[in-house]
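The sequence shown stops at residue 336 when you use my numbering, and every number in between is there.
A short worksheet on the structure shown next.
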Amino acid sequence: MKRSLWLEHVLPFTLLLGLLAAATLSGDYLLHRLNLVWVGRYMGIPGTLLIIGSLYYSARKRKWVTTGNPKSLLKGHEFGAWLGSLMVLIHAGVHFNAILPWLATVAMGVNVISGLVGKMLLNQSREHVQGERERFQLRGLSKTEVEQAVFWDAVALGAMVQWRKVHIPIFVVFSVLALGHIFSIFLFWGWV
Ligand code: HEM
């Protein structure tokens, strides 16, 4: 049975992103209704800490650290970055006083989207190439023939892998802008 691309990839992507938007709006609405806007102001801190914590996966992947199962750490990275971004989005709220933190928020948004797109596209093309390989093997093709048959798909898969090349520079831009915002707030609070 041919599995639906829509059901397996586009829908989860839309749901995860839609849920982020819906949770941001309802979180902000609730904080305003309960007169707890100040809580949102402080939510930037746990949100930032969660995002930083989720980077443990990146360190593990590059073997800078050696403990932890990479697969579960990837799940942790996806979940931590998603939840941390939600907290930061609620923290940003609908207050417009300064440009820098909003630029950081936009960069963070692009970062989250590039992560989600990469995750969905990568899974989709990986499964596709694997399916094709199995199909050709069942037809009795030799290993080299199978690799020749899936060559262009494998090239496309390689291109999908490039998403990381977008994900990381965007993360760097996000970090620099966020650090600028955090540093100026800490200066204002007299913490530095
Ligand atoms: C340690 C982490 C953080 C702290 C302590 C912090 C603190 C603050 C504070 C005190 C304000 C209120 C400023 C005001 O009312 O003028 C603020 C606003 C804001 N923050 Fe953060 N923040 C943190 C992390 C972040 C991050 C990571 C982002 C985005 C990626 C972000 C985006 C924003 C935005 C968009 C606003 C609203 C700016 C405006 O009023 O125009 N914050 N933050």
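Backbone N, C-alpha and C fix where the C-beta goes; we use that ideal spot for every residue, glycine too.
For this session: Out of Ser269, Met231, Ala298 and Leu266, state which residue places its alpha-carbon closest to the alpha-carbon of Leu163.
Result: Met231
Exercise. Does the beta-carbon distance from Gly224 to Ser258 come in below 8 Å?
Worked result: At the C-beta level, Gly224 and Ser258 stay beyond 8 Å of one another.
Exercise. Between the Cα of Phe327 and the Cα atoms of His311, Glu291 and Leu244, which residue gives the shortest distance?
Worked result: Leu244
Exercise. Taking C-alpha atoms, which residue in Leu160, Gly228, Ile234 and Ala165 lies nearest to Trp182?
Worked result: Ile234
Problem set entry | Reduced DSSP secondary structure (H/G/I, E/B, other) of Arg283 | coil
Exercise. Alpha carbon to alpha carbon, how far is Val316 from Leu178?
Worked result: 36 Å
Exercise. Just to confirm, are Arg277 and Val290 a CB contact at a threshold of 8 Å?
Worked result: yes
Problem set entry | Run of the alpha helix (DSSP H) containing Gly191, from where it starts to where it stops | For Gly191, the enclosing alpha helix (DSSP H) stretches over residues Gly188 to Ser198.
For this session: With DSSP collapsed to three states, give me the class of Phe315.
Result: When secondary structure is reduced to three states using DSSP, Phe315 falls in the helix class.
Exercise. Assuming Gly191 contacts Gly220 under a Cβ cut-off of 8 Å, what Cβ separation, rounded to an integer in Å, is found between them?
Worked result: For a cut-off of 8 Å, the C-beta gap from Gly191 to Gly220 is around 16 Å, too long to register as a contact.
Exercise. Just reading off the alpha helix (DSSP H) that Leu169 is part of, what are its end residues?
Worked result: Leu155 to Arg177
Exercise. Looking only at C-alpha atoms, which of Trp226, Asp172, Phe330 and Ser202 sits nearest to Leu159?
Worked result: Trp226
Exercise. Which residues in the same chain have their Cβ closer than 8 Å to the Cβ of Phe240, if we skip the five residues on either side of it in sequence?
Worked result: Trp246
For this session: Taking 6 Å as the limit, tell me which residues put their C-beta closer than that to any heavy atom of the ligand HEM, in chain order.
Result: Arg185, Gly188, Ile189, Thr192, Val232, His235, Ala236, His239, Phe240, Asn241, Ala242, Pro245, Trp246, Ala248, Thr249, Met252, Ala322, His325, Ile326 and Ile329
Exercise. DSSP state of Gln292, grouped into three classes?
Worked result: helix
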